[in-house]
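Residue numbers (the numbering used here): 1 to 176.
The C-beta atom is built at its ideal place from N, Cα and C for all residues, glycine as well.
Computed from a predicted model, the values in this text were never measured in an experiment.
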């Protein structure tokens, strides 16, 4: 199969956009004050993560790195990069999360080809760090133990909006 130049980047940007919309729909549906937005990628500026989420509620003050891959495993050597100072992307994101006080997540979309449904998951950054340096990558089965994003048509939705199953934090007394 021939892919036009830049096609891989388009798929990634599309997944970043989907995650952003997914989080914003979550806020709207739950009537929570918060806003998710994508950071503009530039050749000359450092982009630590793909999506930032701002909220006065610290449970929703987030940094999300997005990866969209073909296959059943994400590899630290293949799917993450080193910057110009030879700092691995995992280390750079970890430092950003530490400095900003955000809760970190890795969002991964597994694509299986035409006619097969995609799967996407949110894994807490602390869980990612448990794998980093200990194994070459994280398998689809490991992601299935984390927060699955439900697919509804062409959109992802955070699960449990009506059943009190929240991937980002447990519900508070004021939440339905």
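Option in the options with minimal Cα separation from residue i
{"i": "residue 112", "options": "153, 41, 120", "result": "120"}
{"i": "residue 134", "options": "99, 76, 36, 58", "result": "76"}
{"i": "residue 125", "options": "73, 115, 91", "result": "91"}
{"i": "residue 149", "options": "41, 110, 59, 85", "result": "110"}
Inter-residue spacing [alpha-carbon to alpha-carbon] between residue i and residue j
{"i": "residue 83", "j": "residue 89", "result": "7 Å"}
{"i": "residue 39", "j": "residue 63", "result": "11 Å"}
{"i": "residue 22", "j": "residue 155", "result": "7 Å"}
{"i": "residue 117", "j": "residue 68", "result": "13 Å"}
{"i": "residue 140", "j": "residue 153", "result": "22 Å"}
{"i": "residue 34", "j": "residue 81", "result": "30 Å"}
{"i": "residue 146", "j": "residue 54", "result": "22 Å"}
{"i": "residue 127", "j": "residue 136", "result": "14 Å"}
{"i": "residue 47", "j": "residue 14", "result": "17 Å"}
{"i": "residue 151", "j": "residue 71", "result": "18 Å"}
{"i": "residue 36", "j": "residue 115", "result": "30 Å"}
{"i": "residue 78", "j": "residue 52", "result": "24 Å"}
{"i": "residue 86", "j": "residue 58", "result": "32 Å"}
{"i": "residue 41", "j": "residue 99", "result": "21 Å"}
Nonlocal neighbours in the same chain, by C-beta distance under 8 Å from residue i, ignoring five residues either side
{"i": "residue 5", "result": "Summary for residue 5: the model assigns pLDDT 46, below 50, so the residue's position carries little reliability; its value from the coordinates is reported in the next sentence. Around residue 5: no qualifying Cβ."}
For residue j and residue i, believed in contact at Cβ under 8 Å, the rounded distance
{"i": "residue 19", "j": "residue 107", "result": "5 Å"}
{"i": "residue 61", "j": "residue 104", "result": "Not quite, the Cβ-Cβ distance comes to about 11 Å (not below 8 Å), so this is no contact."}
Close-in-space but distant-in-sequence residues of the same chain around residue i (CB under 6 Å, 5 per side omitted)
{"i": "residue 26", "result": "158"}
{"i": "residue 50", "result": "16, 65, 66"}
{"i": "residue 24", "result": "36"}
Same chain, Cβ closer than 7 Å to residue i, neighbours up to 5 away in sequence not counted
{"i": "residue 143", "result": "108, 121, 123"}
{"i": "residue 129", "result": "94"}
{"i": "residue 74", "result": "67, 108, 137, 138"}
{"i": "residue 97", "result": "63, 104, 125"}
{"i": "residue 131", "result": "138"}
{"i": "residue 177", "result": "An answer regarding residue 177 cannot be provided, because it is not within the stretch 1 to 176 covered by the chain."}
{"i": "residue 9", "result": "Any answer about residue 9 is weak, because its pLDDT of 42 lies below 50 and its placement is not dependable; what the coordinates show is given next. If we look at residue 9 and ignore the five residues flanking it on each side, it has no Cβ neighbours."}
Worksheet item: In the stretch 15-54, which residue ranges form an unbroken beta strand (DSSP E) of at least 3 residues, counting only runs that do not cross its ends?
Response: Listed in chain order, they are 35-38, 51-54.
Worksheet item: Counting only runs that start and end within the stretch 77-161, where is the alpha helix (DSSP H) found for 4 or more residues in a row?
Response: 89-100, 125-131, 140-143
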